[in-house]
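Residue numbering for the sequence shown follows our numbering, beginning at 14 and increasing consecutively. Accompanying notes for the structure given below.
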Amino acid sequence: MKKVLFVIAHEGFRPEEYYEPKKILMAAGVEFVTASNAAGMATPKFGDELAKVDLVLDDVKTDDYNGIFFVGGPGALEHLDNEKSYRIIKEAAEKGKVFGAICISPRILARAGVLKNKKATGWNKDNELGKILADAGANYIKESVVVDGKLVTASGPSAAQEFGKKILDKLS
14 MKKVLFVIAH EGFRPEEYYE PKKILMAAGV EFVTASNAAG MATPKFGDEL
64 AKVDLVLDDV KTDDYNGIFF VGGPGALEHL DNEKSYRIIK EAAEKGKVFG
114 AICISPRILA RAGVLKNKKA TGWNKDNELG KILADAGANY IKESVVVDGK
164 LVTASGPSAA QEFGKKILDK LS
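Here's what the structure looks like:
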């Protein structure tokens, strides 16, 4: 059985970007684990459906997963743009796992240094993503979902279902 880890901010994750891929993956029999910067129940930016956090970032062992993905939302940069997240995503990339991010979280991948010579997308309402990705050696593609090798990135909530489907494709 395939197993994925989704990393969300304990406060301010984007619920569609978490729940829509989760439904797609679990319906296909993929084991779904949630990590965050704090234990307990994570609070979304919108709505009232809390997410149960299975483990904190310090306890993530990347060898346990076939894929590792970072969810966006306004809390992502505040709570996940740090060395703990960088360790997880660097290990995933180095070990050849499927990995990625949606919405604002591809910026975390860029800062972790795993996007060199990759095509990627993400949230760009501030018109900064092109520069951020270029500075990381990546090529910004203005599409809703971009797959480059084992990397899957998506632009935001409207791309959440396609993000989940592309992850499932890459895990197969």
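We put the CB at the ideal spot given by N, CA and C, even for glycine.
Taking DSSP as the reference, what is the three-state secondary structure of L68?
Locating residue 68 in the sequence shown gives position 55, where the first residue counts as 1. Secondary structure of L68 (DSSP, three-state): strand.
Environment of L63 [buried if 16+ CB atoms lie within 10 Å]
The residue given as residue 63 occupies position 50 in the sequence shown. By the 10 Å Cβ count, L63 comes out exposed.
Beta-carbon spacing of S98, W136 below 8 angstroms
In the sequence shown, the residue the question calls residue 98 occupies position 85. In the sequence shown, the residue the question calls residue 136 occupies position 123. S98 places its beta carbon 8 angstroms or farther from that of W136.
Counting Cβ pairs closer than 8 angstroms, one from the segment 73 to 87 and one from the segment 141 to 159, do we hit at least three?
Of all C-beta pairs linking the segment 73 to 87 to the segment 141 to 159, fewer than three are shorter than 8 angstroms, placing the two stretches out of contact.
Counting Cβ pairs closer than 8 angstroms, one from the segment 43 to 63 and one from the segment 105 to 121, do we hit at least three?
Contact fails: fewer than three Cβ-Cβ distances are below 8 angstroms.
Take every Cβ of the segment 173 to 184, pair it with every Cβ of the segment 127 to 136, and state whether three or more of those distances are shorter than 8 angstroms.
Flag = no, the segment 173 to 184 and the segment 127 to 136 do not touch.
Would V17 and F59 qualify as a contact pair, given that the criterion is a beta-carbon distance under 8 angstroms?
Numbered from its first residue, the sequence shown carries residue 17 at position 4. Numbered from its first residue, the sequence shown carries residue 59 at position 46. No, the pair does not count as a contact, with Cβ atoms beyond the cut-off.
Measuring straight from C-alpha to C-alpha, what distance separates A123 and T134?
Position 110 of the sequence shown, counted from the first residue, corresponds to residue 123. Position 121 of the sequence shown, counted from the first residue, corresponds to residue 134. Looking at the two C-alpha atoms, the distance is approximately 11 angstroms.
Just to check my reading of the structure: V158 and F82 have Cβ atoms closer than 8 angstroms, yes? What is that Cβ distance to the nearest angstrom?
For the purposes of this step, residue 158 is taken as the residue at position 145 of the sequence shown. For the purposes of this step, residue 82 is taken as the residue at position 69 of the sequence shown. The C-beta distance from V158 to F82 rounds to 12 angstroms, too long to fall under 8 angstroms, and the pair is not in contact.
Taking the alpha-carbon of K65 as reference, which of H23, K103, N79 and D94 has the nearest alpha-carbon?
To locate residue 65, count along the sequence shown from 1; it is residue 52. Taking each of H23, K103, N79 and D94 in turn and checking the Cα distance to K65, the smallest one comes out for H23.
Along the alpha helix (DSSP H) that carries E29, what are the first and last residues, could you check?
As a first step, residue 29 is located in the sequence shown; it is residue number 16 there, counting from the start. For E29, the uninterrupted alpha helix (DSSP H) segment begins and ends at P28 to A40.
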